[in-house]
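Number of protein chains: 2
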Amino acid sequence: MFTQSEENYLKAIFHLQQETEDGVSTSSISGHLNTTAASVTEMIKRLADKDLLDYQKYYGVQLTATGKAHALAIVRKHRLWESFLVERLNFNWDEVHEVAEQLEHIKSKKLVEELDKFLGRPAYDPHGDPIPDAEGNLPIMPKKRLSQLQQGERCICKGFNDASSSFLKYLAKLGIGLGTAVEVTHVEKFDESMTLRIDDDEVQLSKTATDNIYVEH
Amino acid sequence: MFTQSEENYLKAIFHLQQETEDGVSTSSISGHLNTTAASVTEMIKRLADKDLLDYQKYYGVQLTATGKAHALAIVRKHRLWESFLVERLNFNWDEVHEVAEQLEHIKSKKLVEELDKFLGRPAYDPHGDPIPDAEGNLPIMPKKRLSQLQQGERCICKGFNDASSSFLKYLAKLGIGLGTAVEVTHVEKFDESMTLRIDDDEVQLSKTATDNIYVEH
DNA sequence: ATAAATTATTAGCTAAGCCTAAATATTTGT
DNA sequence: ACAAATATTTAGGCTTAGCTAATAATTTAT
Ligand SMILES: [Mn+2]
Ligand SMILES: [Mn+2]
Ligand SMILES: [Mn+2]
Ligand SMILES: [Mn+2]
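In order, the protein sequence lines correspond to chains A and B.
Read in order, the letters of the first sequence correspond to residues 2 to 218 in this note's numbering.
Read in order, the letters of the second sequence correspond to residues 2 to 218 in this note's numbering.
#1: Listed in chain order, which residues are found with a beta carbon closer than 5 Å to a heavy atom of ligand 2?
#2: Taking the straight line between their C-alpha atoms, what separation do you get for B/V185 and B/K170?
#3: Please enumerate, following chain order, all residues with a beta carbon closer than 6 Å to at least one heavy atom belonging to ligand 1.
#4: Using a Cβ-Cβ cut-off of less than 7 Å, list which residues of the stretch 60-91 of chain B approach chain A; keep chain order.
#5: Rounded to whole angstroms, how far is the Cβ of B/V97 from the Cβ of B/L86, which I believe are closer than 8 Å?
#6: Could you please give the first and the last residue of the uninterrupted beta strand (DSSP E) stretch that includes B/I214?
#7: Tell me, please, whether the stretch 102-118 of chain B touches the stretch 50-68 of chain B by the rule of three or more beta-carbon pairs shorter than 8 Å.
#8: Should the stretch 14-25 of chain B be regarded as contacting the stretch 191-206 of chain A, the criterion being three or more beta carbon pairs within less than 8 Å?
#9: Please determine whether the Cβ atom of B/H16 lies at a distance below 8 Å from any heavy atom of ligand 4.
#10: Taking C-beta pairs closer than 7 Å, name the residues in chain B that A/N188 reaches, listed in chain order.
#11: Just the Cα atoms here: how many angstroms apart are A/T36 and A/N91?
#12: Which residues bound the beta strand (DSSP E) around A/L197?
#13: From the DSSP output, in three-state form, read off A/I107 for me.
#14: Between A/Q152 and the rest of its own chain, which residues show a CB-CB distance below 8 Å, the 5 nearest in sequence each way excluded?
#15: Which residues in the same chain have their Cβ closer than 8 Å to the Cβ of A/S40, if we skip the five residues on either side of it in sequence?
#16: Using DSSP's beta-bridge definition, name the partner residues of B/R146.
#17: Counting C-beta neighbours from all protein chains within 10 Å, is the total for B/G180 16 or more, i.e. buried, or is it exposed?
#18: Taking DSSP as the reference, what is the three-state secondary structure of B/Q63?
#19: If you measure from the CB of B/N33, is any heavy atom of ligand 4 nearer than 8 Å?
#20: Is the CB-CB distance between A/L1 and A/Q5 below 9 Å?
#21: Within a Cβ cutoff of 8 Å, which residues of the same chain sit near A/E1, ignoring the five residues on either side of it in sequence?
#22: Please check if any C-beta of chain A sits within less than 9 Å of the C-beta of B/Q103.
#23: Going by the DSSP bridge assignment, what does B/V76 pair with across the sheet?
#24: Please list, in chain order, the chain B residues whose beta carbon lies closer than 8 Å to that of A/S167.
#25: Applying the 10 Å Cβ sphere with the 16-neighbour rule, what's the burial state of B/A101?
#26: Figure out for me which residue from A/D134, A/Q57, A/P143 has the closest Cα to the Cα of A/V117.
#27: Please state whether DSSP places B/H16 in a helix, a strand or coil.
#28: Please confirm whether B/E105 and B/K12 have their CB atoms less than 9 Å apart.
#29: What's the C-alpha gap between A/L54 and A/K46?
#30: Would you kindly report the start and end of the unbroken alpha helix (DSSP H) that includes B/L252?
#31: From what residue to what residue does the beta strand (DSSP E) around B/I157 run?
#32: If B/I214 and B/L147 are in contact, beta carbons under 8 Å, what's the gap, nearest whole angstrom?
#33: My guess is that B/A49 and B/Y56 are in contact by the Cβ rule of under 8 Å, so how many angstroms apart are they, rounded?
#34: Starting from A/H33, follow the alpha helix (DSSP H) in both directions and report where the run begins and ends.
#35: May I have the straight-line CA-CA distance separating A/D52 from A/E7, to the nearest angstrom?
#36: Specify, as a first and last residue, the run of the beta strand (DSSP E) that A/E184 falls within.
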């Protein structure tokens with residue numbers, strides 16, 4: 002149906018779309034996928050021809066209904082495979098992303114359905130991200146970023162937005178994972194960095210980091 | 002490391018090599034992979050440049066040690082995935098091949114190792130084919146083709162050589178699978194077709210079919 | 001309102017993998 | 001031994017998916 006490259010673009014655009022109301026820019030896509038802007042322009046023309054997205058020259062792209070449906074199917078596969086790797090194959094949550102990046106492109110309706118069943122139809126992946134169902138419905142997450150909290154507030158870590166292995170390993174080193182209880186002991190005015198208490202340890206996190214940690218409560 | 006196409010060629014050549022002493026011909030590869038002879042010539046030049054095979058113009062190719070090792074790694078993955086699909090995901094043995102054809106290209110040493118462990122280090126795949134270990138060692142199978150048996154002989158089905166879904170579905174329809182007991186009631190002289198007794202049914206199989214069924218005893 | 005900076009597009013090039021048609025080499029049959 | 005048949009390679013073309021450099025549009029700053 003679609004090539005691996007096309008699918009990677011669809012998924013990237015889907016993710017970037019979550020963070021803007023207007024069109025997804027060429028440069029944001031090229032940043033996300035580590036390609037040049039010129040390559041992106043080429044590809045989005047192809048995807049527009051296939052009616053997977055609407056493209057307004059110089060004003061970015063937006064997924065069509067079919068484009069979004071397809072992107073969600075890939076996200077679903079990605080997160081199911083990540084769950085499989087962690088739940089059944091003893092992978093660490095910080096080492097599954099690269100492999101899932103490949104596995105998400107396997108084409109077999111039955112495989113996805115059976116994998117989902119086998120895993121007990123999980124609602125969230127090992128990073129706390131919601132897994133779309135077969136129809137593309139996402140279980141909505143009450144999302145709040147750690148960076149939005151005030152001094153003195155307490156919360157539980159519910160998700161991580163940066164899929165890079167280095168970020169996840171960094172968090173693991175600090176003792177931060179899904180379900181970790183955190184208290185904001187101090188917010189530094191000038192760079193918005195935070196001091197946090199985790200159990201009885203104190204750790205420092207930059208704004209870049211706290212922006213990518215989703216919390217609840 | 003290698004592309005999907007390169008890996009498919011290596012695997013095809015590995016399989017074809019099992020059936021000849023001398024070089025694997027261009028046309029046999031193109032037949033196996035459903036490509037043209039011209040495409041094969043191009044690809045084997047590339048693979049020869051990478052020292053995965055020895056190529057003598059007009060006299061076919063032979064895998065080098067590294068080429069063979071790589072082919073075995075792909076065969077290993079293919080058969081492990083087939084086992085996973087049948088043993089854990091409720092696939093039928095006759096519907097796993099196409100998906101395994103994709104899964105065999107996933108690159109992750111840890112994934113293969115963990116999958117093997119998870120499945121209990123199986124020695125044979127759902128078609129009765131031996132699964133190479135991590136070092137590329139194949140558990141040797143005492144292989145005899147059903148077509149080699151004489152009238153009156155009895156045997157147990159131990160493997161099937163044609164991976165096509167249609168062949169496997171055909172056998173399933175006739176009640177033939179791994180472990181099925183078969184008695185040769187008649188061998189037709191002129192086309193070498195066989196009449197077989199399975200339980201209390203009698204079935205007819207062509208030479209083409211009996212050539213692709215491995216038996217024991 | 002214009003100039004400068006930024007962002008996006010186009011043009012032109014490359015490599016992998018496929019193809020068909022033409023040219024060549026090998027094998028087979030007499 | 002040679003012609004015919006068959007197999008293989010070469011030549012030339014196409015698509016996908018990337019790149020750099022040049023051009024054009026938009027946005028920002030003066
Ligand atoms: Mn991917
Ligand atoms: Mn994830
Ligand atoms: Mn394959
Ligand atoms: Mn098999």
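Where is the CB? At the ideal position from N, CA and C, for every residue including glycine.
Quick look at the numbers:
#1: That query returns the following residues: A/E83, A/D126, A/H128, A/D130.
#2: Approximately 21 Å between the Cα atoms of the pair.
#3: If you measure from each CB to the nearest heavy atom of ligand 1, the residues under 6 Å come out as A/N9, A/E102, A/E105, A/H106.
#4: Hits within the stretch, in order: R89, L90, N91.
#5: Between B/L86 and B/V97 the Cβ distance is about 4 Å, and since that is below 8 Å, they are a contact.
#6: First-last of the beta strand (DSSP E) with B/I214: 214-217.
#7: No, they do not touch.
#8: Segments in contact, no.
#9: Here the distance from the Cβ of B/H16 to the nearest heavy atom of ligand 4 is not below 8 Å.
#10: A small fix is needed here, since residue 188 of chain A is Val in this sequence, not Asn. Neighbours of A/V188 on chain B: none; closest Cβ ~39 Å, over 7 Å.
#11: If you draw a straight line from the Cα of A/T36 to the Cα of A/N91, it is about 33 Å long.
#12: Counting along the chain, A/L197 sits inside the beta strand (DSSP E) bounded by residues 195-199.
#13: DSSP places A/I107 in coil when its eight states are reduced to three.
#14: The beta carbon of A/Q152 sits closer than 8 Å to the beta carbons of V185, T186, H187, V188 from its chain, once the five residues preceding and following it are set aside; these are given in chain order.
#15: So the qualifying residues of the chain are S31.
#16: B/R146 is bridged to B/Y215.
#17: Its Cβ having fewer than 16 others within 10 Å, B/G180 is exposed.
#18: The answer is strand: DSSP assigns B/Q63 an E or B state.
#19: The sequence shown places His at residue 33 of chain B, rather than the Asn named in the question. In this structure, the C-beta of B/H33 stays at least 8 Å away from each heavy atom of ligand 4.
#20: This structure gives no information on residue 1 of chain A, because the portion of chain A shown stretches from 2 to 218.
#21: Nothing in the structure corresponds to residue 1 of chain A, since chain A is present only between 2 and 218.
#22: Answer yes: the Cβ-Cβ gap between B/Q103 and chain A drops below 9 Å somewhere.
#23: None; B/V76 has no bridge partner.
#24: Taking the beta carbon of A/S167 as reference, no residue of chain B falls within 8 Å; the closest one sits roughly 18 Å away.
#25: The residue in question, B/A101, is buried, as its Cβ has 16 or more Cβ neighbours within 10 Å.
#26: Looking at the sequence itself, residue 117 of chain A is Asp, so the reference to Val does not match. Considering only alpha carbons, the answer is A/D134.
#27: Helix, per DSSP.
#28: Cβ atoms of B/E105 and B/K12: closer than 9 Å.
#29: Each residue's alpha carbon lies about 9 Å from the other.
#30: One cannot answer for residue 252 of chain B here, as it falls past the ends of chain B, which runs 2 to 218.
#31: B/I157 -> beta strand (DSSP E) spans 155-161.
#32: Yes, B/I214 and B/L147 are in contact; Cβ-Cβ is about 4 Å, under 8 Å.
#33: Right, the Cβ-Cβ distance comes to about 4 Å (below 8 Å), so this counts as a contact.
#34: Secondary structure note for A/H33: its alpha helix (DSSP H) is the uninterrupted segment 27-34.
#35: Rounded to the nearest angstrom, the two C-alpha atoms are 12 Å apart.
#36: Start and end: 182-188.
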